[in-house]
Amino acid sequence: MPRRRKRARFEQLTEFERGRIIGLREAGLSYRAVASRVQRNSSTVMRVWKQWTDECRTTRKSGSGPRNVTSARDDRHLVRMARTDRTASSRQLAALWSIATGVSLCASSIRRRLLQCGLRARTPLYRIPLTHDHRRLRLQWANQHRDWRADWQHVVFSDESRFNLWYHDGRIRVRRYAGERHLPECIIERHSGRTPGVMVWGAIAYHRRSQLLRIVGNLNSNRYIREVLQPEAVPFLQSLPGAVFQQDNARPHTARIVKSFFAAQQVQLLPWPACSPDMSPIEHVWDVIGRRLARDPRPVASADELWIVVRRPVAGRQRVTASAEDRYIAIVAKRNRRTTSTRVTSMVTASIGKAISAATVRRRLHMSGLYARVSRVCVPLSVQSRGARLQWCRQHVNWNVSDWGDVMLTDESNFALEPDDKRIRI
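In case it helps, full-length UniProt numbering puts the sequence shown at residues 1 to 426.
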């Protein structure tokens, strides 16, 4: 009979298969017929039946199977070796183990021991190498701005990013069987040279964002002033009272001519520590655009088409309401808890002089944590009733379980043939 294998070891029988074998044997089928039904070897069927007739059980004995090559102490030593060198592969650990103990151990056994101890091989987190001075300056900058709250509303974050035509960021997976690794449909081509793409510049503020600018070729300080700062960055900053401009420490940004230009335009700059791209929130914008590009099913054949696709996600509609108006919507809803979104819309529209929809009001209330819920129905209570209830609670607040055990609680209730208890949903 065919044998099913799982990796290099035979697959164990499940409880369902053992019960099925016993049921078929009790039905009068032969060993060969049962083995054909369950797709197992005849000797396996015979062992299961013999165990059932002799011992009246189908479970495996505790401790059955091959013994572990390593002891608990050896397993702890393996864990220490893996934690000492986190990037060592299972084959490298097997070689180190053979040198240290003189006993050969296969890589699969090492992987099983480490998995049992919770050490799973995962993709490492990549980052820019930081020196001691970089870490010190980053911490100093964070301590200086740790108490900023409303001050961040005046900061304009800017950055450049490059989007390529063919780019694999590790998120793409292929579904294949064993042995299909080299099939053309399971291969992602990666070019060794510079991949064609587009370089973009953008800036974000607390309530607004700038236009995306396409940068063709290498960006130097003169082009940075002529193509980015003068046409887009400076007008965007001048439209925001008290704006503070943030940029990284790239050479075109820190050139002497660029600093002179900022001084002439009276642009206030936010000091930025070196090697700190992860501290800028605009990196999340580039990540969102990259994810949308990866989900776009339409193929892009040229850099011009890629620029159109990159610019499309950002070219969405502006927010209808500002943060102050969002807070006013929440205040109106809190004043009258039983009001509807349509009534809130009419009151807010009459107050701010701007037409907004009820769906927008509901979204703003959800962002504030205010959801429309079913109100709790209770008996109307007067001031005297509330006082009596509170007095009764204070008298019995220190009662323990033994005190309440002597109390018999009684009540009446009415059950109708067709109850309407609000639990039915359609």
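Built from N, CA and C at the ideal position, the CB exists for glycine as well.
From residue i to residue j, what does the alpha carbon distance come to, in whole angstroms?
i: residue 333; j: residue 354; result: 18 Å
i: residue 40; j: residue 25; result: 14 Å
i: residue 341; j: residue 323; result: 18 Å
i: residue 60; j: residue 67; result: 15 Å
i: residue 261; j: residue 134; result: 27 Å
i: residue 124; j: residue 290; result: 20 Å
i: residue 259; j: residue 285; result: 26 Å
i: residue 265; j: residue 186; result: 54 Å
i: residue 198; j: residue 250; result: 18 Å
i: residue 92; j: residue 114; result: 14 Å
i: residue 331; j: residue 205; result: 25 Å
Using only CA atoms, which one of the options lies nearest to residue i?
i: residue 156; options: 29, 242, 347; result: 242
i: residue 106; options: 78, 183, 132; result: 78
i: residue 309; options: 253, 67, 292, 55; result: 292
i: residue 328; options: 348, 305, 342, 159; result: 348
i: residue 257; options: 225, 269, 284; result: 225
i: residue 127; options: 139, 414, 279; result: 279
i: residue 303; options: 180, 217, 340; result: 217
i: residue 380; options: 389, 288, 35; result: 389
i: residue 369; options: 135, 312, 326, 178; result: 326
i: residue 274; options: 42, 359, 138; result: 138
i: residue 22; options: 11, 187, 50, 397; result: 50
i: residue 136; options: 276, 113, 412, 373; result: 276
i: residue 56; options: 227, 85, 19; result: 19
Please report the Cβ distance between residue i and residue j, rounded to the nearest whole angstrom; I am assuming they are in contact, meaning their Cβ atoms lie under 8 Å.
i: residue 232; j: residue 211; result: 6 Å
i: residue 119; j: residue 142; result: The pair is not a contact, with the Cβ atoms about 32 Å apart (cut-off 8 Å).
i: residue 200; j: residue 213; result: 7 Å
i: residue 165; j: residue 195; result: 6 Å
Does the Cβ of residue i have 16 or more other Cβ atoms within 10 Å, making it buried, or fewer, making it exposed?
i: residue 159; result: buried
i: residue 281; result: exposed
i: residue 366; result: exposed
i: residue 295; result: exposed
i: residue 70; result: buried
i: residue 253; result: buried
i: residue 401; result: exposed
i: residue 406; result: exposed
i: residue 315; result: The predicted model places residue 315 with a pLDDT of 49, which falls under 50 and marks its position as unreliable; any figure quoted below should be read in that light. Label assigned to residue 315: exposed.
i: residue 174; result: exposed
i: residue 44; result: buried
i: residue 248; result: buried
i: residue 345; result: buried
i: residue 361; result: buried
i: residue 47; result: exposed
i: residue 110; result: buried
Under a CB-based cut-off of 7 Å, is residue i close to chain D?
i: residue 29; result: In the structure shown, chain D does not exist; there is a single protein chain.
Query raised in the report: Which runs of the beta strand (DSSP E) fall wholly inside the UniProt domain "Tc1-like transposase DDE" (154–306) and span at least 3 residues, in chain order?
Result: Whole beta strand (DSSP E) segments, 3+ residues: 155–164, 197–204, 213–215, 244–246.
Query raised in the report: What are the start and end residues of each continuous beta strand (DSSP E) run of 3 or more residues lying completely inside the UniProt domain "Transposase Tc1-like" (326–398), in chain order?
Result: Within the UniProt domain "Transposase Tc1-like" (326–398), complete beta strand (DSSP E) segments of at least 3 residues are not found at all.
Query - Sequence ranges, alpha helix (DSSP H) only - wholly within the segment 63–95, length at least 4 - result: Within the segment 63–95, the complete alpha helix (DSSP H) runs of at least 4 residues are 72–84.
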